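Notes follow once the structure below has been shown.
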Amino acid sequence: MLLPVGFLHASIETGRLRENFDLGWQFHKGDIAIKRAVKAGKQGGLTDANVKVVEGEEAVIAYTDKNKVADYKASDWRNVDLPHDWLIEESFVHDDNISSQPAGNGYLPTGIGFYRKEFAIAAGDAGKKISIEFDGIFRNSTVWVNGHLMGNHKSGYTPSFYDLTDILRYGDEGKNVILVKVDATDTEGWWYEGCGIYRHVWLTKTTPLHVARFGTFVTTPTVAPEKAVVSMKTTIENEYKTTRHFQLVSRILDAVGAVVDTQVVTDSIGPSQSTELSQTGMIRQPKLWSPETPALYRLQTRIIENGIIVDNFETTFGVRTIAITTKGFFLNGKLYPIKGTANHQDFAGVGVALPDKINQYKIKLLKEMGSNGYRSAHNPPTPEVLDICDREGMLVLDENRLLTSTPEGLDELKTLMLRDRNHPSVFMWCLENEESLEGQVTGTRILEKMVETAHQLDPTRPVTAAMNHGWNEGGYSDVLDVVGYNYGQRGMQYVKDHEKYPNRKMFVTESTSYVSTRGEYEDNHEKGYVSNFGKGVGWGLQPGQDWKHVVLYPYLSGTFVWTGFDYRGEPTPYRWPCVSSHFGIMDLCGFPKDGYYGYKAAWTDQPLVHVFPHWNWPGKEGKLIKFRGYSNCEEVEILVNGKSVGKKKLSAFEYFEWDLIYMPGKLEVRGYKNGKQVARQIRETTGTASRLTAKADTLSLKADGCDVAIINIEIKDAKGRVVPTADNLIKFSIEGNGRIIGTGNGNPSSHEPDKADRRKAFNGLCQVLVQSDRQAGKIKLKATSETLEGTEVTLTVHE
Ligand code: GAL
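Numbering (numbering that gives the first Met the number 0), first residue to last: 0 to 798.
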């Protein structure tokens with residue numbers, strides 16, 4: 000197409016600058032009394048804030064006059080970089096009165112904390128619009144800039160945004176200081192939620208004529224093999240005092256950056272006005288997005304004034320079709336049942352303050368298990384999780400927990416949807432989880448308003464609610480596109496409902512909740528451990544059985560197993576000393592439990608057998624030991640010390656059991672399909688612990704101060720076999736351009752600090768997280784243990 004002259008000459012890329020604002024903060028734990036200065040100051044006057052430290056120390060956190068910092072005491076603060084979760088630095092307290100839900104928090108005391116950061120803004124930035132975006136602060140955050148109160152944001156999960164343009168000091172006007180109060184005293188959920196600025200922070204500079212926050216909406220109303228039609232809606236704001244004439248140039252780029260379409264529209268916009276412009280583009284022979292082929296496109300939105308690019312905004316999107324029908328979920332026209340897990344946000348060593356790399360690691364582990372779906376229970380995920388799911392291929396059920404139609408509640412839902420609606424990974428919105436008004440007429444009225452809001456903001460995706468009751472009452476299900484069943488296997492509710500309401504579209508929004516502690520084979524109330532042979536909870540199922548239902552009843556569309564990973568808090572069925580949940584298919588470090596293989600067997604084509612427990616039972620020689628296994632083979636055979644003890648036919652998605660007489664040595668399990676051996680597992684009686692080995696997920700890190708290597712330590716015997724019961728204390732030391740940011744071992748009752756240079760192994764395994772700093776070079780991580788041969792890993796940090 001012919002491009003307007005203005006476009007051809009547009010070459011100066013000014014406009015938007017989005018800077019990461021995570022580094023160089025200071026943190027103060029505990030409350031600070033804030034009062035406004037009563038006398039007019041020279042700079043900022045009445046709005047400069049004095050801060051009084053509760054212990055009686057007076058300090059001013061704002062710059063009252065140019066660069067002068069009155070009474071600020073650096074010793075009250077320590078340096079931190081974000082993301083930061085101070086709760087993970089606390090010690091466990093067995094006190095049921097420390098908060099409204101001590102067990103929910105994992106017995107860690109929540110509270111109040113402050114963050115501050117000094118920064119300069121160049122004189123040349125005067126005239127730009129400058130804003131700050133917090134991706135997530137847990138919770139109830141209040142922000143002051145240069146002493147001016149900017150606002151308060153309650154939710155610990157939705158982003159908060161402040162326009163700083165008027166209040167900033169530019170160039171010689173002085174330095175700036177931002178102060179953030181975080182009051183995490185109240186909880187939002189019943190799980191570990193952390194404390195602090197635990198997601199990224201961004202400072203954005205634009206010209207006054209710019210694309211609005213969340214200002215693009217890209218959809219693909221028609222998708223066919225020969226072409227996809229791309230609808231591009233762009234909201235533009237003019238914060239000048241005059242009318243502006245501009246061109247909106249929308250370019251679609253493919254994965255390698257080649258421009259596949261360009262659309263241009265010329266328009267003008269009055270002072271202090273905003274406008275939404277619609278354009279239609281086209282992609283020939285589009286590459287379709289799916290978890291297996293996560294093809295992405297980029298929309299590059301440019302605003303051009305007088306031949307100059309004044310804004311350049313990028314939106315990643317994908318081309319795919321989704322449909323939830325009474326016959327199941329269809330992706331790109333093909334039946335595609337969702338093999339999902341529900342997940343909270345935390346991880347070993349870091350609490351909820353996950354560097355992006357750890358989120359990526361979690362998604363990778365889930366994909367390796369064969370999962371293609373992720374439910375961000377019960378809240379909006381960090382934006383980077385969605386970027387990763389787009390990139391790596393994982394379908395997301397994006398969630399808002401509270402059933403509410405108050406203006407504040409609807410705003411939360413709107414923010415979630417406006418922020419996330421361009422992600423191809425997001426396939427459905429979950430409007431609430433297990434709210435008490437499900438199935439009641441009041442609940443239906445509220446839900447209806449939420450559904451209306453959701454449909455207006457995104458007509459392309461269905462909405463559901465993760466219900467645990469009331470499916471057939473009060474008209475509640477009727478206002479949903481898809482009816483969500485949490486534990487709908489109880490009384491075979493979903494099957495009965497399908498018979499009664501054959502037009503109902505259904506989804507298993509939550510299932511199973513199987514509880515188990517990695518490597519434990521007996522319930523131990525005192526220690527807070529749950530056996531991998533357990534019956535599970537009363538409302539759940541055994542690993543893999545939930546999948547059997549999706550296969551038998553394809554109209555269920557898919558399932559989200561509760562949960563992919565253990566998470567802190569909500570210890571079930573035991574409480575203290577247990578401080579973490581046991582629901583994970585993997586533990587807090589991402590180490591697989593036995594049930595993992597039930598899912599891997601169900602969700603992948605890879606033939607496998609996995610039996611448990613281990614084969615180390617000193618003192619039980621000659622005694623019967625119960626074995627259980629998961630497999631996707633048709634038949635298994637067990638051999639003890641080379642001798643077959645028989646074969647067993649298997650039924651799909653169910654575990655098998657065997658009573659074996661224990662004899663130290665070798666247990667071998669063979670899996671057969673069509674009479675041919677296709678899988679094998681060997682469990683051997685190991686010798687005593689003798690040495691450590693380390694397995695890093697990568698040996699190469701970026702010198703960006705954020706990248707992380709996840710290093711798993713195994714305790715092995717002299718023959719190199721993991722000792723499944725070893726719990727030796729492991730000490731870590733580090734040299735070079737990096738730091739240890741946390742440790743973990745997956746023990747749900749461990750009260751050892753996560754932020755430490757040592758950790759006991761738990762059932763043979765332990766984990767240490769190493770983060771690069773901003774200099775290229777080498778990092779050497781050494782792991783030692785008193786009676787064992789140590790190990791080391793060398794990581795290369797690249798520019
Ligand atoms: C569900 C709930 C989850 C978790 C789970 C434990 O009912 O949605 O948040 O509490 O139970 O089984």
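Backbone N, C-alpha and C fix where the C-beta goes; we use that ideal spot for every residue, glycine too. In this text, all values refer to a predicted model and were calculated from it rather than measured experimentally.
Contacting residues, own chain, Cβ-Cβ under 6 Å from residue i (five flanking each side not counted)
i: residue 619; result: 661
i: residue 119; result: 174
i: residue 663; result: 684
i: residue 237; result: 208, 243, 268, 272
i: residue 219; result: 227, 229, 318
i: residue 447; result: 478
i: residue 785; result: none
i: residue 54; result: At residue 54, the pLDDT of 34 sits below 50, so the modelled position is not reliable; the number obtained from the coordinates is stated separately. Counting only Cβ-Cβ distances below 6 Å, and skipping sequence neighbours, we find nothing.
Proximity of residue i and residue j at Cβ, strictly below 7 Å
i: residue 768; j: residue 741; result: yes
i: residue 729; j: residue 782; result: yes
i: residue 457; j: residue 416; result: yes
i: residue 128; j: residue 164; result: yes
i: residue 450; j: residue 462; result: yes
i: residue 277; j: residue 232; result: yes
i: residue 570; j: residue 102; result: yes
i: residue 637; j: residue 668; result: yes
i: residue 764; j: residue 690; result: no
i: residue 162; j: residue 140; result: no
i: residue 808; j: residue 385; result: The structure shown has nothing for residue 808, since the chain only spans 0 to 798.
i: residue 373; j: residue 395; result: yes
i: residue 531; j: residue 593; result: yes
CB-CB length for residue i against residue j, believed under 8 Å
i: residue 340; j: residue 560; result: 5 Å
i: residue 554; j: residue 779; result: That belief does not hold up - the Cβ atoms of residue 554 and residue 779 are roughly 55 Å apart, past 8 Å.
i: residue 383; j: residue 355; result: 5 Å
i: residue 391; j: residue 357; result: That pair is no contact at about 14 Å.
i: residue 184; j: residue 109; result: 6 Å
Residue i, enclosing alpha helix (DSSP H) - first and last residue
i: residue 358; result: 355-367
i: residue 455; result: 440-456
i: residue 495; result: 492-499
i: residue 608; result: Residue 608 -> not in any alpha helix (DSSP H); beta strand (DSSP E) instead, spanning 608-611.
i: residue 595; result: 594-602
i: residue 581; result: Unbroken run through residue 581: none, as it is neither H nor E.
i: residue 546; result: 544-551
i: residue 843; result: The structure shown does not extend to residue 843, since the chain spans only 0 to 798, so no value can be given for it.
Cut-off 7 Å between Cβ atoms - residues of its own chain near residue i, not counting five sequence neighbours on either side
i: residue 6; result: Note that residue 6 has pLDDT 40, beneath the 50 cutoff, so the model's placement of it is unreliable and the number below is only indicative. Hits under 7 Å: 246, 248, 263, 303.
i: residue 105; result: 191, 567, 568, 578, 579
i: residue 239; result: 207, 208, 270
i: residue 632; result: 606, 608, 649, 670, 671, 672, 677, 678
i: residue 514; result: 529, 533, 535, 536, 571, 572, 581, 582
i: residue 66; result: Annotation note: pLDDT 49 at residue 66 (below 50); position unreliable, coordinate value reported separately. Only 173, 174 meet the Cβ criterion.
i: residue 37; result: Any reading at residue 37 is ruled out, since the residue's pLDDT is 32, under 50, leaving its predicted position unreliable.
i: residue 792; result: 693, 695, 710, 780
i: residue 487; result: 493, 507
Selection from the options that minimises the alpha carbon distance to residue i
i: residue 590; options: 517, 576, 121, 287; result: 517
i: residue 439; options: 474, 652, 421; result: 474
i: residue 23; options: 75, 79, 15, 404; result: 79
i: residue 168; options: 482, 121, 696; result: 121
i: residue 576; options: 556, 652, 525, 552; result: 525
i: residue 393; options: 404, 424, 382, 405; result: 424
i: residue 500; options: 472, 146, 743; result: 472
i: residue 77; options: 93, 100, 112; result: 112
i: residue 706; options: 216, 251, 796; result: 796
i: residue 155; options: 170, 421, 523, 182; result: 182
i: residue 323; options: 418, 334, 27; result: 334
i: residue 287; options: 331, 255, 274; result: 331
Neighbourhood of residue i by C-beta, 8 Å cutoff - its chain only, sequence neighbours within 5 removed
i: residue 401; result: 408, 411, 431, 434
i: residue 350; result: 84, 86, 87, 191, 193, 197, 567, 753
i: residue 503; result: 325, 476, 482, 496, 497
i: residue 489; result: 538
i: residue 413; result: 452, 456
i: residue 98; result: 104, 108, 109, 184, 186
i: residue 698; result: 708, 792, 793, 794, 795
Limits of the unbroken beta strand (DSSP E) element including residue i
i: residue 561; result: 557-561
i: residue 669; result: 665-672
i: residue 127; result: Counting along the chain, residue 127 falls outside any beta strand (DSSP E), and DSSP gives it neither H nor E.
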